[in-house]
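For the record, the sequence lines run as chains H and L.
For reference, each letter of the first sequence is one residue, going 36 to 201 in my numbering.
For reference, each letter of the second sequence is one residue, going 36 to 201 in my numbering.
Positions of the beta carbon are idealized from the N, C-alpha and C atoms, including for glycine.
On a predicted model such as this, the values are computed, not experimentally measured, just so you know.
Everything below concerns the one structure shown next.
Protein chains: 2
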Amino acid sequence: MSDARWLDEEEQATWRAFLAASRALFEELDRQLQRDAGMPLAYYEVLVRLSEAPDWRLRMHELARLAGASRSRLSHAVTRLAEQGWVARRDCPEDGRGAYAVLTEDGFAALRTAAPGHVESVRSLLFDPLEDGDVAVLRRIAEAVLAAARPDLAPLRQPGREPPIA
Amino acid sequence: MSDARWLDEEEQATWRAFLAASRALFEELDRQLQRDAGMPLAYYEVLVRLSEAPDWRLRMHELARLAGASRSRLSHAVTRLAEQGWVARRDCPEDGRGAYAVLTEDGFAALRTAAPGHVESVRSLLFDPLEDGDVAVLRRIAEAVLAAARPDLAPLRQPGREPPIA
DNA sequence: CCTATGTTGTTGTGCTCTCAACTACTAGGG
DNA sequence: CCCTAGTAGTTGAGAGCACAACAACATAGG
Chain H
36 MSDARWLDEE
46 EQATWRAFLA
56 ASRALFEELD
66 RQLQRDAGMP
76 LAYYEVLVRL
86 SEAPDWRLRM
96 HELARLAGAS
106 RSRLSHAVTR
116 LAEQGWVARR
126 DCPEDGRGAY
136 AVLTEDGFAA
146 LRTAAPGHVE
156 SVRSLLFDPL
166 EDGDVAVLRR
176 IAEAVLAAAR
186 PDLAPLRQPG
196 REPPIA
Chain L
36 MSDARWLDEE
46 EQATWRAFLA
56 ASRALFEELD
66 RQLQRDAGMP
76 LAYYEVLVRL
86 SEAPDWRLRM
96 HELARLAGAS
106 RSRLSHAVTR
116 LAEQGWVARR
126 DCPEDGRGAY
136 AVLTEDGFAA
146 LRTAAPGHVE
156 SVRSLLFDPL
166 EDGDVAVLRR
176 IAEAVLAAAR
186 PDLAPLRQPG
196 REPPIA
């Protein structure tokens, strides 16, 4: 118990600020998307990943990985998005177990409509408050945390090759 | 539309890494607390704030603010925590509308039991992956983001007095 | 071919959260 | 005193999520 690796004062303040800031940020993004586009952030991400895929089409497990969702969560999400007509399910000839999720034209239109407001929110809530040089540090921190928590999701940064001195 | 302030490549990569890392971090913390202590992170925070208050007692609205919850969320949470016997409601003599939430002995015991594992998770998932100097930067970033999104929650950093040169 | 094991995806249950509506009270101004 | 605003807190309905159980299929080894 008392031999636990407790947080010192600086770590404690940092953790509480990070927790409060993250919560405020994600709640506001969710609220903005729900209000202006009728979807939560998690669904927006699903549409984004599909829109970046060849033929707007991905296997469920791959989409789940890219969108940072569990299989269960994605399955529920696709059910909902299909009801809205933004995504369609297609079965998979190569693998009898598999299924594809496909972005529809309506889904792409919804994404196109939602994007500007969402990006503006991300900018004003996250990037505008930052100082010079913070972006690079924040990126390195986030990638390190992600690599520690979910190595399978980390975007391998050119393994074996370091950026030049500058 | 096209005149929106889109993200450049560095910002895009930073945002996606931050999003993925935060999600992975909070989901793992939630999972760990739920598994080992039978409560989600949000409830843990309620218990923490109560345990730090005089007489383990806070007005609902103040507890909501400190725990970063809406009134509604806190009310539901306290209902649940009261069912578990970890928190009790007391009415407020000074204000007929008001109510106090009070931490019980059982609640404190639950918190005491949950704390070491939770702190260990925070350390291993967030602080261990950081490099020297990252904590200070992360703290500044988090406080800036919080101040932008929720000025009412920001922990005013000695207003009017800057730290010395070093 | 047949079986054992792993993978893919879905579903149902229960919990937490949001949102809006509501009650009950306080505070301030005529 | 009365009336109007504003504040404190609760509630109910609906949405998203985690978890575990499950069905269907693939794959590898004999």
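Contact note: residue 137/L does not reach chain H at a C-beta cutoff of 8 angstroms; the least C-beta distance is about 23 angstroms.
In this structure, residue 60/L sits away from residue 123/H, with a CB-CB distance that is not shorter than 8 angstroms. Residue burial annotation: residue 89/H is exposed, with fewer than 16 other C-beta atoms found within 10 angstroms of its C-beta.
Nearest Cα to residue 108/H within the set 81/H, 40/H and 118/H: 81/H. Looking only at 168/L, 127/L and 54/L, the smallest Cα-Cα distance to residue 104/H is reached by 54/L. Taking C-beta separations shorter than 8 angstroms and ignoring five residues to either side along the sequence, the partners of residue 85/L in its chain run 91, 92, 93, 98, 122, 136, 137, 138 and 142, following chain order. Listed along chain L, the residues sitting closer than 8 angstroms to residue 103/H by beta-carbon distance are 54, 55, 58 and 59. Where residue 85/L is concerned, the enclosing alpha helix (DSSP H) starts and stops at 76 to 86.
Interface criterion met: the Cβ of residue 183/L is under 8 angstroms from a Cβ in chain H. For the C-beta of residue 173/L, the chain H residues within less than 7 angstroms are, from N- to C-terminus, 49, 53 and 176. In this model, residue 155/L and residue 40/H are separated by some 6 angstroms (Cα to Cα). About 14 angstroms separates the beta carbon of residue 112/L from that of residue 145/L, a gap too long to meet the 8 angstroms contact definition.
In the three-state reduction of the DSSP assignment, residue 104/L falls in the coil class, being assigned neither a helical nor a strand state. An exposed status is given to residue 129/L, since fewer than 16 other beta-carbon atoms sit within 10 Å of its beta-carbon.
Apart from the 5 residues on each side of it in sequence, residue 170/L sits with its Cβ closer than 8 angstroms to the Cβ of 162 in its chain, given in chain order. Look at residue 63/H: its C-beta is under 8 angstroms from a C-beta on chain L. For residue 71/H, the CB contacts under 6 angstroms within the same chain, skipping 5 residues up- and downstream, are 152 in chain order.
Put simply, the backbone Cα of residue 164/L is about 6 angstroms away from that of residue 179/H.
Within chain L, no C-beta atom comes less than 8 angstroms from the C-beta of residue 109/H; the nearest is roughly 13 angstroms away.
Within the stretch 128 to 161 of chain L, 151, 154, 155, 157, 158, 160 and 161 place their CB atoms closer than 7 angstroms to a CB of chain H, listed in sequence order.
Taking 8 angstroms as the cut-off, the beta carbon of residue 126/H is found no closer than this to the beta carbon of residue 117/H. Against chain L, the beta carbon of residue 45/H has neighbours under 9 angstroms at 170, 171 and 174, listed in chain order. For residue 180/H, the nearest CB of chain L lies under 8 angstroms from its own CB, placing it at the interface with that chain. Rounded to the nearest whole angstrom, the C-alpha separation of residue 157/H and residue 147/H is 16 angstroms.
Counting along the chain, no beta strand (DSSP E) covers residue 185/H, and no H or E run does either. According to DSSP, residue pairing for residue 51/L in a beta bridge does not occur. Residue 164/L belongs to the set of residues whose beta carbon lies under 8 angstroms from a beta carbon in chain H.
Cα atoms of residue 150/L and residue 166/L: separation of roughly 25 angstroms, rounded to the nearest angstrom. In this structure, residue 114/L sits away from residue 173/H, with a CB-CB distance that is not shorter than 8 angstroms. Contacts with chain H at 8 angstroms (Cβ-Cβ) include residue 41/L. No Cβ of chain L is located within less than 8 angstroms of the beta carbon of residue 82/H.
Within the stretch 85 to 98 of chain L, not one residue has a Cβ closer than 9 angstroms to any Cβ of chain H.
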